[in-house]
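Trainee: Numbering (the numbering used here), first residue to last: 1022 to 1369.
Sharing a structure, written as structure tokens. Questions coming.
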């Protein structure tokens, strides 16, 4: 049987119907249209297209083993002053910071300066009676988000419009709150877990754990564009951030809490993630410890900033994506754009 090609006019009608369906049927329609749009031939075309879906700026770093790193950007670093997005700019990486803290913890456990099975009150006795089950929760449970401790970020009293300067101010948000579940009974992601790990590291080391991360993780990898907190860097070198619930740039909202405070370029983040995944960051014992306590990829989300850091084994590629927009449907669209970029890389 012979088959005939559909005429061009019919294809245009079909595409129009699909476009209208995006708007009428799917909720949220903008994300649906981003998902259903034809896949571009190149990463740069996809990055450029992302700006059409209410993302202010986007940065993408691609490291495929055996090839030179690739850098892509589109949109604005600062939309008020019309400063173009720069793939080498610094960015608030949010919870991607937890990977660095988990790696530092694995090294200290290997050095026998910490024990995964010691309980929270052994390290921070002042928390006895202030955090439920503090005498049952182990360091391992904190690392694996199996503590049951409430997440400070969910507390209605958290002041999103201002910067808390002291880490303990975040911790006080969960004092005397009931546990979410019994320790080690299930998984429950909580930023409080990594706040507490940061405090444990500080007390064990006798100095700020970010100094340890600098000397034992960043320096050996030659990473000179990764920092512990916003105040460590020139704000002019950091991408602006835009949150749909606020007008203007929210860059100066400084989140100092461990596990969410770090600032880095996409390239530095990618080099770290490559070393984490191929094991070159660790010796054998450290590698075994890390693999037992935490994951090898992460996302980050703060007001004004959305980030994704993942390694794709099938194409031996690290792909980092930074978007300086949060709120509304921006996270869903960011994930869609990221997944489409990986599809393009797989087809090359």
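By construction, the Cβ of each residue, glycine as well, lies at the ideal position given by its N, Cα and C atoms.
1. Which runs of the alpha helix (DSSP H) at least 4 residues long sit entirely within the stretch 1324-1351? Give them in chain order.
2. Just reading off the alpha helix (DSSP H) that residue 1288 is part of, what are its end residues?
3. Can you list, in chain order, the residues of its chain with a C-beta nearer than 7 Å to that of residue 1298? Leave out the 5 residues immediately preceding and following it.
4. My assumption, with CB atoms under 8 Å, is that residue 1125 sits in contact with residue 1237. Please give the rounded CB distance.
5. Should residue 1221 and residue 1121 be called a contact, given that it needs their Cβ atoms to be closer than 8 Å?
6. Is it buried or exposed, residue 1338, if we count other Cβ atoms within 10 angstroms and call 16 or more buried?
7. Closest to residue 1217 by CA distance: which of 1065, 1198, 1188 is it?
8. Identify which residue in 1159, 1256, 1263, 1300 has its Cα closest to the Cα of residue 1215.
9. Run the CB neighbour count on residue 1060, radius 10 Å, all protein chains shown included, and call it buried at 16 or more, exposed below.
10. I believe residue 1068 touches residue 1094 by the beta-carbon criterion, under 8 Å. Please report the beta-carbon distance rounded to the nearest angstrom.
11. Is the beta carbon of residue 1110 sitting closer than 8 Å to the one on residue 1272?
12. Whose C-beta lies closer than 6 Å to the C-beta of residue 1091 among residues of the same chain, with five residues either side of it excluded?
13. DSSP has residue 1078 in a bridge; who is on the other side?
14. Helix or strand or just coil, what does DSSP make of residue 1186?
15. Tell me the DSSP secondary structure of residue 1139 in three-state form.
16. Can you tell me whether residue 1047 is helix, strand or coil according to DSSP?
17. Report the three-state DSSP secondary structure of residue 1319 (helix, strand or coil).
18. Which residues in the same chain as residue 1276 place their Cβ atom closer than 7 Å to its Cβ, once the five residues preceding and following it in sequence are excluded?
19. So, does the stretch 1162-1174 touch the stretch 1303-1317, judging by three or more C-beta pairs under 8 Å?
20. Which stretch, first to last residue, makes up the alpha helix (DSSP H) that contains residue 1234?
21. Nearest chain D C-beta to residue 1292 closer than 8 Å, yes or no?
22. In terms of residue numbering, what span does the alpha helix (DSSP H) encompassing residue 1102 cover?
23. In angstroms, rounded to a whole number, what distance separates the CA positions of residue 1062 and residue 1070?
24. Alpha carbon to alpha carbon, how far is residue 1137 from residue 1306?
Mentor: Taking the coordinates as given:
1. none
2. 1287-1299
3. 1317, 1332
4. 7 Å
5. no
6. buried
7. 1188
8. 1159
9. exposed
10. 7 Å
11. no
12. 1083
13. 1096
14. coil
15. coil
16. For residue 1047, the predicted structure reports a pLDDT of 44, less than 50, and the residue's modelled location is therefore unreliable. The matter cannot be settled from this model.
17. strand
18. 1282, 1323
19. yes
20. 1230-1234
21. The question asks about chain D, but that chain is absent: this structure has only one protein chain.
22. First-last for residue 1102: undefined, no H or E at that position.
23. 12 Å
24. 14 Å
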